[in-house]
Structures are given as C-alpha cells and as structure tokens.
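Worksheet: the structure to be examined is printed underneath.
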Amino acid sequence: MLHILALSFSSASAVTAGEVTFWPVDWTTAAYENVFGKKEYLVAFWVSIKRVAIGVTINMLLTILIAYPLSKENSQFPGRTIYAWYFVFTMLFSGGLIPWYMIIKDTGLLDTIWALVIPSAVPIFNVIILLNFFRGLPKELEESAKLDGAGYFTVLWRIFVPLSMPALATLLLFAVVGHWNSWFDGLILSNRTEHYPLQSFLQTIIIKLDPAYLTPKQAELNALMNNRTSRAAQIFVAAFPILIIYPFLQRFFIKGIVLGSVKE
C-alpha cells in the first residue's frame, strides 16, 4: 500500500524509470486532480457509500434475526435442522447467473440501488459464524431472563447482542468490505454508468481508458502522469475508507478471536 501511495504522488517519468519505491519522486498531485476532477468518479463514490450503508444495515439485521433461532435446540425450535440445511444448501449451490439476472429484472430492481443489496441480503457464512457464537453463550443467562419474564426478542437484543459485540464487529467488517469491494454485480445490474458503484466504475476505467472522459484540463494532467500513477491514485482512494474503518474494529476483531479460542 505504501508503494501504491508513492506511485500516486510521483511523476510519470519517475514511475516509468522505476525510481519509485516507498517514497514519492518528483512530487505531484496530478493523479488525484484527475481522479477527483471526474464527476463520474464522485457519483460512483456516492453510490458505493449508499450501497454500504443500506446493504450492511440489512445484512446485520437479517444475520442476527436468522442466527438466533437457528442457535436453539430442536426442542426449542422444531425443524431447526431442516431450516439450517436449507440455508447451507443455498450457500453451496446457486441458481445460476442467468436466472439470477432474470429474477432481478422481472422484479423491477434492475438499475436501482436495491439490485446491489437485496440479492446479498442474507450472508449465509456470517449467519453460521454468529449462530455458533450464540450457541457458545451460557444458557443460564437466557433461562434467568425468562424467569424474570423476558421474551425471546428481549433476550436477543438485551443479552445476546451486547455479549456478541466482538463477533458482530467482525461480521460488520466482513459486510463492509464485501459491499465496498464488489464490482461484478454493478457491471451486470446497472445499465448506466451513473448507477455504477465505485469498484465497477474503476473496473471500466482501468481496463479501458475512454478518451471521451478527458477534458482539456485532464489531457494536460495526463502529460504529468501515466496509467500507473492514475491507477495507483484510484486504488488508494478506493481503499482509503476501509483503511479508516479497520483500526476502530480491530480490537473487537482480536477479542472475538481470543474468545472463540477459549473453552471452559
């Protein structure tokens, strides 16, 4: 990442000559001026922010609501095993790309933000992790709460969720990274570039630099950079939000690993 950052702030001649390692050579901000000078890039950035905000909220809510009943014994939740295998089956076998696309098109979700969040609303892998975490919590806590008159929802939101913060923070990180880095579905489910999330937009720019996007100012900036500096700037800007979020969740992430490794 340091090398990418150094490339983004270096001149085209220094990058071409291979002089850049971990520190910029011939310092210039031309690559970033080019990136942020594109209206399409800023629109795509905003689409990704909306996708993460809506998608992660849906992911976490459904993950909690599904994992909690599946963490119970068959005596408490009849048919639990059938439902659990039903969810696992969907993780192992998909319906295929074409049926997936046709369902989204027929439901009117195509070319909307919902097409990017609804199909991945239930991350089964995260559900499995959380239900196993729930099963590891002392059953006496729930039994004591029920003796005091608490219902299932009270037990879930007042006891299980607060005690599961390390696991939830880890799953939150998974969900944020998954939505932020996803690019393939944006290319397929969006017919117009203004509906592309950031990663889908970067994919089109990196693979094929369209001259139609270049203004006279950008053409002038291109003289100070090459494709590697532009790509480095785009990659760093795309990765920057994740780099900001991760330190705040790291302590929960480490705590969750430690808790999961301790057996009574």
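FYI, in mature numbering (1 follows the signal peptide of the UniProt record, and there is no 0) the residues of the sequence shown are -17 to -1, 1 to 247.
Using N, Cα and C, we set each Cβ at its ideal position, and we do this for glycine too.
Bear in mind the structure is a predicted one, so any value in this text is a computation, not a measurement.
query	result
For G78 and Y15, I'd like the C-alpha separation in whole angstroms.	41 Å
For G38, collect the residues of the same chain with a Cβ closer than 6 Å to its Cβ; drop the 5 residues on either side in sequence, then sort them by chain order.	V100 and H162
Roughly how many whole angstroms lie between the Cα atoms of Y179 and S213?	19 Å
Would you tell me roughly how many angstroms separate the C-alpha atoms of T40 and F136, rounded to the nearest one?	18 Å
Could you give the DSSP three-state label for S(-5): helix, strand or coil?	helix
Use the C-beta contact count for F116: other C-beta atoms within 10 angstroms, 16 or more gives buried, fewer gives exposed.	buried
Do you know offhand how far L120's Cα is from Q182's?	38 Å
Which residues in the same chain as V245 place their Cβ atom closer than 6 Å to its Cβ, once the five residues preceding and following it in sequence are excluded?	Low local confidence applies: a pLDDT of 44 at V245 is under 50, so the model's placement there is unreliable, with the coordinate-based value given in what follows. Result list for V245: empty, nothing under 6 Å.
Give me, in chain order, the residues of the same chain whose beta-carbon lies closer than 8 Å to that of W83; leave out the 5 immediate sequence neighbours on both sides.	S77 and P102
Helix, strand or coil, according to DSSP, for I32 in the structure here?	helix
Just how far apart, CA to CA, sit T64 and T46?	17 Å
Given this structure, state the Cα-to-Cα distance separating F28 from L170, to the nearest angstrom.	15 Å
Please go through the same chain and pick out, in chain order, the residues whose beta-carbon is closer than 7 Å to the beta-carbon of L242, but skip the five residues on each side of it.	Reliability fails at L242, whose pLDDT of 48 lies under 50, so the model's placement of it is uncertain and the value that follows must be treated cautiously. Counting only Cβ-Cβ distances below 7 Å, and skipping sequence neighbours, we find P149.
Could you check whether P7 and S(-8) sit closer than 8 Å to each other, using their CB atoms as the reference points?	yes
Please tell me whether T(-2) and H(-15) are closer than 8 Å, where the distance is taken between their beta carbons.	no
Along the chain, where does the alpha helix (DSSP H) containing V3 start, and where does it finish?	Run containing V3: none; DSSP gives neither H nor E here.
Verify whether the separation of the beta carbon atoms of R175 and I96 is less than 8 Å.	no
Could you pull the start and end residues of the alpha helix (DSSP H) that V159 belongs to?	M148 to N164
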